[in-house]
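Undergrad: Mind having a look at this structure? Questions to follow.
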Amino acid sequence: MMKMEKMATREGYGKALVKLGAEQQNIVVLDADLAKSTKSYEFCKHYPERFFNMGIAEQNLMGAAAGLAASGKIVFASTFAIFATGRAFEQIRNSIAYPKLNVKIAASHAGLTVGEDGASHQAIVDISIMRSLPNMTVIAPADGVEAEKAVCAAAQYEGPVYLRLGRSAVPVIYGEEHEFTIGKASQLREGHDATIFACGIMVAESLQAAEELAGEGLAVRVINMATIKPLDQEAVLRAARETGAIVTAEEHSVIGGLGSAVAEVLVENAPIPMERVGVRDTFGESGKPQALLEKYGLTAKEIKEAVYRVIERKNK
Numbered sequence: 004m005m006k007m008e009k010m011a012t013r014e015g016y017g018k019a020l021v022k023l024g025a026e027q028q029n030i031v032v033l034d035a036d037l038a039k040s041t042k043s044y045e046f047c048k049h050y051p052e053r054f055f056n057m058g059i060a061e062q063n064l065m066g067a068a069a070g071l072a073a074s075g076k077i078v079f080a081s082t083f084a085i086f087a088t089g090r091a092f093e094q095i096r097n098s099i100a101y102p103k104l105n106v107k108i109a110a111s112h113a114g115l116t117v118g119e120d121g122a123s124h125q126a127i128v129d130i131s132i133m134r135s136l137p138n139m140t141v142i143a144p145a146d147g148v149e150a151e152k153a154v155c156a157a158a159q160y161e162g163p164v165y166l167r168l169g170r171s172a173v174p175v176i177y178g179e180e181h182e183f184t185i186g187k188a189s190q191l192r193e194g195h196d197a198t199i200f201a202c203g204i205m206v207a208e209s210l211q212a213a214e215e216l217a218g219e220g221l222a223v224r225v226i227n228m229a230t231i232k233p234l235d236q237e238a239v240l241r242a243a244r245e246t247g248a249i250v251t252a253e254e255h256s257v258i259g260g261l262g263s264a265v266a267e268v269l270v271e272n273a274p275i276p277m278e279r280v281g282v283r284d285t286f287g288e289s290g291k292p293q294a295l296l297e298k299y300g301l302t303a304k305e306i307k308e309a310v311y312r313v314i315e316r317k318n319k
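Its first residue numbered 4, the sequence shown is counted upward by one per residue in my numbering.
So, in structure tokens, the structure goes:
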């Protein structure tokens with residue numbers, strides 16, 4: 004059951020960096036002049052000698068991160084998701100992913116909920132871009148607690164990681180006892196009529212949808228697929244066998260993200276009815292985060308409708 008408090012996933016990132024900085028002296032943090040927004044500033048306050056502001060120069064940020072990783076450092080490179088995956092893609096591809104260096108790209112302000120910054124700053128294809136890169140691990144935590152755990156797990160993992168973080172505060176789903184494992188899904192609710200796979204802020208919306216559906220006589224399983232690559236294929240196939248209908252929900256384009264990843268597993272192994280909730284191949288716009296989620300169909304309402312559609316298809 005979700006708690007009442009809210010915390011942005013970027014806040015969990017900042018907390019984790021401070022903790023890791025004390026535990027591991029070879030961790031360094033780089034930022035592109037956005038440290039207060041990405042929350043890497045928390046690390047800077049405690050360990051200024053291991054923090055580097057690279058300025059508004061994201062390509063150089065990734066190149067420097069690669070060099071530090073090649074010299075044995077564990078590097079966290081932070082900026083907004085739109086700049087990390089867009090402006091610095093070539094450097095990530097050739098200097099980080101290709102040599103499989105130990106750089107953790109912590110990309111904040113992902114998705115539509117950047118809000119008023121508008122379409123130019125709303126990263127809605129970043130999962131698709133990063134998921135397509137060989138050697139890249141992709142994580143989109145559901146809340147601030149999981150974000151903190153995921154950052155710590157990323158620090159222990161050998162190789163490049165893309166951590167997708169958000170600007171807005173989101174409901175806290177997990178307690179401090181939550182154990183995050185890269186590549187493993189987390190089931191939050193049991194059900195046999197259908198399964199919802201969600202990531203990021205859409206996990207809370209999925210839980211709300213499932214709660215409302217329970218009141219309407221449907222038992223819907225909810226699974227947080229925080230690791231989008233490597234995907235927990237076992238969880239997908241088990242849900243396919245046991246519920247026979249799947250819905251995916253993500254604050255991202257339906258092209259190339261979580262929905263695509265789940266669909267790839269299903270079409271090759273267990274084709275069943277499936278629906279995807281996400282941004283429908285369009286750019287966003289400037290607006291309040293909640294208003295944007297409603298306009299672009301990223302709420303519990305749309306998830307419920309998708310569940311009804313997929314169950315109807317299953318029963319034909």
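For each residue, glycine too, the CB sits at the ideal point set by N, CA and C.
Considering just the uninterrupted stretch of the alpha helix (DSSP H) at M205, what are its terminal residues?
TA: From DSSP, the alpha helix (DSSP H) with M205 extends over 205-218.
Undergrad: For the candidate residues G300, A222, V282, whose alpha-carbon lies nearest to that of G259?
TA: Considering only alpha carbons, the answer is V282.
Undergrad: According to the neighbour-count rule (16 or more other Cβ atoms, all chains shown, within 10 Å of its Cβ), is Q27 buried or exposed?
TA: Q27 comes out exposed.
Undergrad: Can you check whether the CB of A143 is closer than 7 Å to the CB of C47?
TA: Against a cut-off of 7 Å, the Cβ pair of A143 and C47 comes out as no contact.
Undergrad: Kindly indicate the opening and closing residues of the beta strand (DSSP E) around Q27.
TA: Taken as a continuous stretch (DSSP letters only), Q27 belongs to no beta strand (DSSP E), as it is neither H nor E.
Undergrad: Using the C-alpha atoms, what's the distance from S135 back to E80?
TA: The sequence given here places Ala at residue 80; Glu does not occur at that position. A80 and S135: Cα-Cα distance of roughly 20 Å.
Undergrad: Going residue by residue through the stretch 33-83, where are the continuous alpha helix (DSSP H) segments of at least 4 residues, counting only ones entirely within it?
TA: Counting whole runs of 4 or more residues, the stretch 33-83 contains the alpha helix (DSSP H) stretches 38-41, 44-49, 61-73.
Undergrad: Ordered along the chain, which non-local residues of its own chain (more than five positions away) have a Cβ less than 7 Å from that of P276?
TA: A248, V313, R316, K317.
Undergrad: Please report the Cβ distance between T41 and T82, rounded to the nearest whole angstrom; I am assuming they are in contact, meaning their Cβ atoms lie under 8 Å.
TA: The Cβ separation is near 7 Å, so the contact holds.
Undergrad: If you draw a straight line from the alpha carbon of A73 to that of A67, how long is it in whole angstroms?
TA: For A73 and A67, the distance between alpha carbons rounds to 10 Å.
Undergrad: So, are the CB atoms of K103 and N56 less than 7 Å apart?
TA: No, these two residues do not count as a Cβ contact at 7 Å.
Undergrad: Would you check if the distance between the CB atom of A84 and the CB atom of A126 is smaller than 7 Å?
TA: Yes, these two residues count as a Cβ contact at 7 Å.
Undergrad: Rounded to whole angstroms, what is the Cα-Cα separation between M5 and G121?
TA: The predicted model places M5 with a pLDDT of 49, which falls under 50 and marks its position as unreliable; any figure quoted below should be read in that light. If I take the Cα positions, the gap works out to 29 Å.
Undergrad: Between which two residues does the beta strand (DSSP E) harbouring V223 extend?
TA: Residues 223-227.
Undergrad: Hey, how far is the Cα of A273 from the Cα of D196?
TA: So the two alpha carbons sit approximately 17 Å from each other.
Undergrad: Does E147 come out as helix, strand or coil in the three-state DSSP assignment?
TA: In the sequence on display, residue 147 carries Gly and not Glu. In this structure, G147 counts as helix in the three-state DSSP scheme.
Undergrad: Would the beta-carbon of T88 fall within 7 Å of that of D129?
TA: Going by C-beta atoms, T88 is nearer than 7 Å to D129.
Undergrad: At a cut of 8 Å, does the stretch 146-161 reach the stretch 173-184 through at least three beta carbon pairs?
TA: Because the criterion of three Cβ pairs below 8 Å is met, the stretch 146-161 and the stretch 173-184 touch.
Undergrad: Specify the secondary structure class of I180 as computed by DSSP and reduced to three states.
TA: Looking at the sequence shown, residue 180 is not Ile but Glu. E180 falls in the coil class under three-state DSSP.
Undergrad: With a threshold of 6 Å on Cβ separation, who are the neighbours of V239 within its own chain once the five nearest residues in sequence on each side are excluded?
TA: Excluding sequence neighbours, V239 sits near V265, V268.
Undergrad: Rounded to the nearest angstrom, what separates I226 and A294 at their Cα positions?
TA: C-alpha separation (whole angstroms): 25 Å.
Undergrad: Considering only the beta carbon of each residue, do G173 and I204 sit closer than 7 Å?
TA: A quick correction: the sequence has Val, not Gly, at residue 173. Cβ atoms of V173 and I204: closer than 7 Å.
Undergrad: Give me the Cβ distance between V21 and E52, rounded to the nearest whole Å; I'm assuming they're in contact under 8 Å.
TA: Not a contact, Cβ separation roughly 15 Å.
Undergrad: Among D146, S43, S123, D36, which has the Cα closest to the Cα of G58?
TA: Nearest of D146, S43, S123, D36 to G58, Cα basis: D36.
Undergrad: Excluding the five sequence neighbours on either side, which residues of its own chain have a C-beta within less than 7 Å of the C-beta of E305, listed in chain order?
TA: These residues qualify, in order along the chain: V280.
Undergrad: For a test of the three-state rule: what should DSSP assign to A172, helix, strand or coil?
TA: Coil, per DSSP.
Undergrad: Quick check on the burial criterion: 16 or more other C-beta atoms within 10 angstroms. Buried or exposed for Y299?
TA: By the neighbour-count rule (16 or more Cβ atoms within 10 Å), Y299 is buried.
Undergrad: Q125 by DSSP, collapsed to three states: which one?
TA: Reduced to three states, the DSSP call for Q125 is coil.
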